[in-house]
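Residue numbers (the working numbering), protein chains in the order written: chain A, 474 to 868; chain B, 474 to 868.
Protein chains: 2
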Amino acid sequence: MNAFSDRIRRLQPSAIREILKFTSYPDVISFAGGNPAPEAFPVQEVKEIMNDIMDNDPITALQYSVSEGYTPLRDWLKDDLANKGIFNWNNDDLIITAGAQQVMEMTSKVICNEGDAIICEEPSFIGSLNSFRSYNARLLGVPMDDEGIDIEKLDETLRNNRRTAFIYLIPNFQNPTGRTMSLERRKQVLELAYKYNVYIIEDNPYGDLRFSGDDVPSLRSMDTKGLVIYAGTFSKTVAPGLRVGYMVAEKSVISKAICALQVSTVHTSILSQMIVHRFITKYDYPAHLEKIRGIYGHKCDLMLTNLKLKMPSSIKFTEPDGGLFIWGTLPSGDMDYFVKKAIERKVAIVTGKAFLVDENKPCMSFRLNYSTPRDDQIEKGVDILAEVAKSIYKA
Amino acid sequence: MNAFSDRIRRLQPSAIREILKFTSYPDVISFAGGNPAPEAFPVQEVKEIMNDIMDNDPITALQYSVSEGYTPLRDWLKDDLANKGIFNWNNDDLIITAGAQQVMEMTSKVICNEGDAIICEEPSFIGSLNSFRSYNARLLGVPMDDEGIDIEKLDETLRNNRRTAFIYLIPNFQNPTGRTMSLERRKQVLELAYKYNVYIIEDNPYGDLRFSGDDVPSLRSMDTKGLVIYAGTFSKTVAPGLRVGYMVAEKSVISKAICALQVSTVHTSILSQMIVHRFITKYDYPAHLEKIRGIYGHKCDLMLTNLKLKMPSSIKFTEPDGGLFIWGTLPSGDMDYFVKKAIERKVAIVTGKAFLVDENKPCMSFRLNYSTPRDDQIEKGVDILAEVAKSIYKA
Chain A
474 MNAFSDRIRR LQPSAIREIL KFTSYPDVIS FAGGNPAPEA FPVQEVKEIM
524 NDIMDNDPIT ALQYSVSEGY TPLRDWLKDD LANKGIFNWN NDDLIITAGA
574 QQVMEMTSKV ICNEGDAIIC EEPSFIGSLN SFRSYNARLL GVPMDDEGID
624 IEKLDETLRN NRRTAFIYLI PNFQNPTGRT MSLERRKQVL ELAYKYNVYI
674 IEDNPYGDLR FSGDDVPSLR SMDTKGLVIY AGTFSKTVAP GLRVGYMVAE
724 KSVISKAICA LQVSTVHTSI LSQMIVHRFI TKYDYPAHLE KIRGIYGHKC
774 DLMLTNLKLK MPSSIKFTEP DGGLFIWGTL PSGDMDYFVK KAIERKVAIV
824 TGKAFLVDEN KPCMSFRLNY STPRDDQIEK GVDILAEVAK SIYKA
Chain B
474 MNAFSDRIRR LQPSAIREIL KFTSYPDVIS FAGGNPAPEA FPVQEVKEIM
524 NDIMDNDPIT ALQYSVSEGY TPLRDWLKDD LANKGIFNWN NDDLIITAGA
574 QQVMEMTSKV ICNEGDAIIC EEPSFIGSLN SFRSYNARLL GVPMDDEGID
624 IEKLDETLRN NRRTAFIYLI PNFQNPTGRT MSLERRKQVL ELAYKYNVYI
674 IEDNPYGDLR FSGDDVPSLR SMDTKGLVIY AGTFSKTVAP GLRVGYMVAE
724 KSVISKAICA LQVSTVHTSI LSQMIVHRFI TKYDYPAHLE KIRGIYGHKC
774 DLMLTNLKLK MPSSIKFTEP DGGLFIWGTL PSGDMDYFVK KAIERKVAIV
824 TGKAFLVDEN KPCMSFRLNY STPRDDQIEK GVDILAEVAK SIYKA
């Protein structure tokens with residue numbers, strides 16, 4: 474003994490984490506993070522709300538609470554999601570979690586035995602992949618195209634791995650690629666889930682951050698068999714430091730998730746839940762979302778315009794309709810060298826390898842975040858990236 | 474598939490949870506919970522602190538933060554615990570968690586393979602036992618006497634279970650018995666941990682709530698081999714709704730715990746951490762602790778005095794020096810009947826069975842909480858319990 478468990482022995486802190494430490498230096502321009510824009514935080518409103526809570530309901534905010542979450546917040550979400558077809562009052566339940574990440578962790582715990590397969594888009598969000606790894610799941614990556622996950626390869630992977638716990642998908646403005654899964658592809662994925670009788674986790678942290686194009690129906694709103702587990706969060710729309718997300722699923726799944734939550738965090742910070750509830754009900758939340766979309770749409774456009782103008786045309790970029798990320802792909806050469814050169818020039822970007830199931834696979838892509846840097850940093854950072862790129866690739 | 478994982482299939486919501494739902498009725502006197510006294514919450518101070526945070530450092534409170542926890546809070550704790558011999562600057566690390574419960578969950582995840590044994594005092598805290606169960610650990614209960622866990626039986630259990638992940642102990646004012654482990658017993662437990670080379674989790678949620686007698690050195694302060702993992706919390710000393718606890722262990726253990734925390738809650742609510750840090754540093758925290766000890770000492774004394782005066786002398790009670798709980802033991806008869814009769818008379822108590830590894834074992838004890846009820850509720854509740862008891866047992 475005194476060794477670590479099998480599930481945790483090989484788990485390492487994420488590679489991005491190490492890059493993010495570097496980005497805390499003041500003279501570094503970071504396109505590496507995934508933080509929401511701090512100028513979008515409702516500071517004055519949260520202050521007013523806190524005073525209201527402490528004047529009128531302090532004991533609720535400070536005492537132990539129920540594991541399911543703050544009832545008024547749960548009820549608001551159930552109503553809102555029922556209107557979007559994501560919550561069904563007869564069959565479903567909804568609980569509040571410490572961010573959407575906890576949904577990944579709890580779903581793995583509840584659904585996945587050690588050694589079971591979990592299928593994900595490749596590339597995908599490293600935080601979720603590490604949640605799955607932390608339960609000793611066999612991660613299987615399926616490649617994507619511009620419409621989303623490759624359906625033939627997904628079918629083949631499911632056929633060859635009958636002990637698959639679930640398929641993990643980020644259909645809207647995917648992290649890291651910024652891609653949105655097409656309606657047709659969503660329907661095909663659902664058909665495959667039914668064919669093989671496997672759960673889907675639909676992770677939708679960025680769904681409210683669409684700044685162009687039309688919403689595509691969520692997988693869960695089209696699910697007729699209760700196989701889609703849905704994760705949402707207020708981290709990108711209110712504030713991530715509060716750690717408030719939520720999980721929607723068929724009742725039996727949620728009842729087991731409640732057990733898992735009860736033995737971990739007991740309940741999500743009740744003060745945080747009350748702040749979120751009051752912000753979305755007592756203030757003009759639609760106007761707040763509109764403001765955030767404006768900020769992100771502007772920053773994305775600024776970065777894309779600069780990239781197209783300044784970078785060698787052989788380097789390709791996705792053009793997201795929302796979310797936080799652009800995905801760049803080099804035509805050839807050594808990605809690690811490109812990232813290293815950028816970091817030497819104090820522009821931090823994340824190598825695409827960090828988002829692969831097998832980080833040793835070749836990868837010619839990199840992720841750019843536009844939500845955190847200021848406008849002048851976006852322009853200057855792209856200038857520097859372009860200089861680095863032009864020293865390697867022809868314009 | 475579509476079944477649940479092996480580890481979670483048999484996990485049920487705790488029995489106490491069901492009793493606690495009953496206690497939310499206004500005319501029920503509850504000795505069943507474990508909530509801190511709401512009159513001890515520093516409401517005005519927390520309000521002042523929130524305003525200060527939102528005026529002077531709002532972005533830190535609302536943005537993503539590091540998984541390890543808020544650095545000023547970690548530093549304060551390291552200093553404080555180093556003074557008590559619990560933290561060693563050379564060998565140890567400390568991280569902030571969403572309450573001490575998350576320490577149990579993460580330690581299980583990091584240390585315990587499915588099927589490994591975890592040894593605990595019997596009875597013990599149901600929330601921790603369920604954390605261990607949620608990783609499919611084989612729970613092994615070792616009986617206690619007034620000095621703590623039975624050393625011979627612990628030795629025997631360790632000898633017969635070489636795949637033991639750790640020994641779980643609550644040395645101070647144990648939940649549910651209110652007992653404090655003697656110094657001699659603590660030394661013997663450490664010797665056994667060294668002999669068999671197994672970790673100990675020292676869970677100390679009530680350590681700051683001593684209202685009589687002298688502190689006994691913590692296991693971790695006497696540990697020379699880095700085998701004691703220590704869990705603390707502000708749930709009983711500041712406010713549980715904030716969800717702020719901490720974990721101290723040897724550096725390699727903490728580095729794995731950081732991975733586990735990162736893939737679950739990402740980080741503990743940073744607003745909660747900042748509130749706790751400002752409260753313990755900018756206000757008179759020792760005076761606040763003294764006040765809480767006064768409240769709990771008074772309530773414990775009131776309950777014990779009433780129990781001794783009114784209950785049949787054949788029913789025995791522990792006499793705790795701190796914490797939240799008194800443990801009563803019937804001389805004979807049917808415990809379930811006694812609890813049922815009390816609940817019929819609208820006094821909620823918890824059957825001792827809820828704290829056993831095997832809830833089907835016979836148990837003649839029950840747990841009483843004195844921190845949550847008001848003085849008049851304590852007197853009236855004991856009156857009713859005494860009437861119920863006298864209808865069954867001779868005075």
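Note that CB positions come from ideal geometry on N, CA and C, so glycine has one too. Keep in mind the model is a prediction, meaning the values are calculated, not measured.
Same chain, Cβ closer than 6 Å to residue i, neighbours up to 5 away in sequence not counted
i, result
"residue 474 (chain A)", "Residue placement at residue 474 (chain A) is flagged as unreliable, the pLDDT there being 49, under the threshold of 50; the coordinate-derived value follows with that caveat. Closer than 6 Å at the Cβ level, and outside the excluded window around residue 474 (chain A), lies no residue."
"residue 802 (chain A)", "789, 837, 838"
"residue 849 (chain B)", "none"
"residue 571 (chain B)", "716, 738, 741"
"residue 526 (chain B)", "534, 747"
"residue 706 (chain B)", "572, 573, 678, 718"
Closer than 9 Å at the beta carbon, the chain A residues around residue i
i, result
"residue 631 (chain B)", "Here the premise fails: no neighbours, minimum Cβ distance about 11 Å."
"residue 486 (chain B)", "540, 728, 731, 732, 735"
"residue 647 (chain B)", "Going along chain A, no residue has its Cβ under 9 Å from residue 647 (chain B), so there is no contact; the nearest lies around 19 Å."
"residue 603 (chain B)", "732, 735, 736"
Cβ-Cβ separation, residue j to residue i (assumed contact under 8 Å), whole Å
i, j, result
"residue 473 (chain A)", "residue 568 (chain A)", "The displayed coordinates of chain A run from 474 to 868. Any statement about residue 473 (chain A) would go beyond what the structure contains."
"residue 509 (chain A)", "residue 713 (chain A)", "6 Å"
"residue 811 (chain B)", "residue 841 (chain B)", "About 12 Å; that fails the 8 Å criterion."
Terminal residues of the beta strand (DSSP E) in which residue i lies
i, result
"residue 534 (chain A)", "Looking at the DSSP string, residue 534 (chain A) is not in any beta strand (DSSP E); the run it does join, the alpha helix (DSSP H), is 531-535."
"residue 703 (chain B)", "701-706"
"residue 567 (chain A)", "565-570"
"residue 642 (chain A)", "637-642"
"residue 842 (chain B)", "838-842"
"residue 802 (chain A)", "798-802"
"residue 719 (chain A)", "718-723"
"residue 739 (chain A)", "Element bounds for residue 739 (chain A): n/a, residue is neither H nor E."
"residue 590 (chain A)", "590-595"
Continuous alpha helix (DSSP H) stretch holding residue i: start and end
i, result
"residue 549 (chain A)", "544-556"
"residue 672 (chain B)", "Run containing residue 672 (chain B): none in the alpha helix (DSSP H); it sits in the beta strand (DSSP E), 672-676."
"residue 768 (chain B)", "758-783"
"residue 854 (chain B)", "848-865"
"residue 808 (chain B)", "808-817"
"residue 659 (chain A)", "656-669"
"residue 615 (chain B)", "Unbroken run through residue 615 (chain B) is the beta strand (DSSP E), 611-618; no alpha helix (DSSP H)."
"residue 625 (chain A)", "624-633"
"residue 888 (chain A)", "The structure shown has nothing for residue 888 (chain A), since chain A only spans 474 to 868."
Burial state of residue i (16 or more Cβ within 10 Å)
i, result
"residue 723 (chain A)", "buried"
"residue 660 (chain B)", "exposed"
"residue 805 (chain B)", "exposed"
"residue 482 (chain A)", "exposed"
"residue 709 (chain A)", "buried"
"residue 795 (chain B)", "buried"
Chain-order list of residues whose beta-carbon lies under 7 Å from that of residue i (same chain, five-residue window excluded)
i, result
"residue 785 (chain B)", "862, 863, 866, 867, 868"
"residue 729 (chain A)", "583"
"residue 503 (chain A)", "496, 821, 845, 846"
"residue 553 (chain B)", "none"
"residue 819 (chain A)", "500, 501, 502"
"residue 753 (chain B)", "549"
"residue 522 (chain A)", "748, 751, 752"
"residue 765 (chain B)", "513, 682, 710"
"residue 731 (chain A)", "540, 541, 568"
Partner residues on chain A for residue i, Cβ-Cβ distance less than 8 Å
i, result
"residue 479 (chain B)", "586"
"residue 600 (chain B)", "735, 736, 739"
"residue 524 (chain B)", "520, 523, 524"
Neighbouring residues, chain B, relative to residue i (Cβ below 9 Å)
i, result
"residue 536 (chain A)", "508, 509, 511, 514, 712, 713, 714"
Per-residue contacts from residue i into chain B (C-beta, under 7 Å)
i, result
"residue 532 (chain A)", "511, 514"
"residue 572 (chain A)", "738, 739"
Sequence-distant residues of its chain with Cβ nearer than 8 Å to residue i (five each side left out)
i, result
"residue 479 (chain A)", "587, 609"
"residue 854 (chain B)", "502, 504, 820, 846"
Listed by chain order, chain A residues near residue i by CB distance under 7 Å
i, result
"residue 743 (chain B)", "714"
"residue 575 (chain B)", "737, 738"
"residue 578 (chain B)", "736, 737"
"residue 855 (chain B)", "Here the premise fails: no neighbours, minimum Cβ distance about 24 Å."
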